[in-house]
Every structure is written in structure tokens, then in C-alpha cells.
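Note that the numbering used here has the sequence shown beginning at 22, numbered continuously upward. Heads up, the beta-carbon is just placed ideally off N, CA and C, and yes, glycines get one too. Remember, it's a predicted structure, so these values are computed and weren't measured experimentally. Working notes, structure below.
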Amino acid sequence: MGTRWGINRTVAQVHALLFLSPRPVPADEISATLAVARSNVSTSLRELQGWRIVRVVHVLGDRRDHFESIKDVWEIFRIVSEERKRREIDPTLNVLAECVQEVKSDTRGDAYTRERLESML
């Protein structure tokens, strides 16, 4: 299902494991459980932390970092929506705004083109 959202398969597997786990899980256990290289697990965990849906948890008596996922599905959906907006929509709107400014400053600019660009903002 993760690939339908444009998410790497390993990232989706790591998130699913953490989401379904009743306790925080260390990276080496994630790697062993999923039979995935430790480097892929580390990369996936960094990506999930970047999306703000997985966080590091320290377990008393264990020096390793453990990881847990947010458990509230609606909170995950809200955060992913915010992140997608920040990463994908906002930069696109910024480029469109720059294009509109270019067309406005170009006296030879086509009014129809300017109107079409402005309608996308």
C-alpha cells in the first residue's frame, strides 16, 4: 500500500512494523524481523523521522535507540498531509508566483498566459 502513496517499500514495512508493535523497537531488531539490511533500516528510520511519524525513544537500561510510531491513524494522516503540503505544494506555488511576477514584469507578456498562471495560485 505504501507504494501507492509514493513511499519506498522498505519505509512502508518499517512503519508498519512500528505501528503494529506494542513497544519501542531497536533498529537491529527491525532489521532482523523484516530481513532487511541494517543500512536500509537506518535510511528508512531517518525518512520516517523526517516525516515526523516515528520518533526515537530511550529505554531504561538499554543504550540503543528504540523507535516508535505515532499510533493515532488520524494524527498520522494529518502530519503526512502537512508534510506533503510543505514539501510538494508550497514549492510549486512559489515557482508559480515567480512565473507570474516574470510575466507581469515582461511588457511583451501575453495577458492570457498571465491570467492562466494567476488562476493557479
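Figure out for me which residue from the options has the closest Cα to the Cα of residue i.
i     : options                    : result
VAL57 : GLN34, ARG107, TRP26       : GLN34
THR31 : PRO43, SER42, ARG59        : ARG59
ALA37 : VAL78, HIS79, ILE97        : ILE97
PRO45 : ARG99, GLY23, HIS79, ALA53 : HIS79
LEU55 : GLU68, LEU39, LYS106       : LEU39
Alpha carbon to alpha carbon, how far is residue i from residue j?
i      : j      : result
LEU66  : TRP26  : 17 Å
VAL116 : LEU142 : 10 Å
PRO47  : VAL62  : 10 Å
LEU41  : VAL94  : 12 Å
SER140 : ASP49  : 51 Å
THR134 : SER102 : 30 Å
ALA53  : ILE28  : 21 Å
What distance in whole Å lies between the Cβ atoms of residue j and residue i, which are believed to be in contact at a cut-off of 8 Å?
i      : j      : result
LEU138 : VAL124 : 6 Å
Original post:
Using 8 Å as the Cβ pair cut-off and three pairs as the minimum, do the stretch 119-129 and the stretch 79-99 touch?
Top reply: Cβ pair count under 8 Å is below three, so no.
Original post:
At a cut of 8 Å, does the stretch 87-95 reach the stretch 70-77 through at least three beta carbon pairs?
Top reply: Touching, yes.
Subject >> Residue ranges of each beta strand (DSSP E) within the stretch 43-115, 3 or longer >> reply: 75-79, 86-90, all fully within the stretch 43-115.
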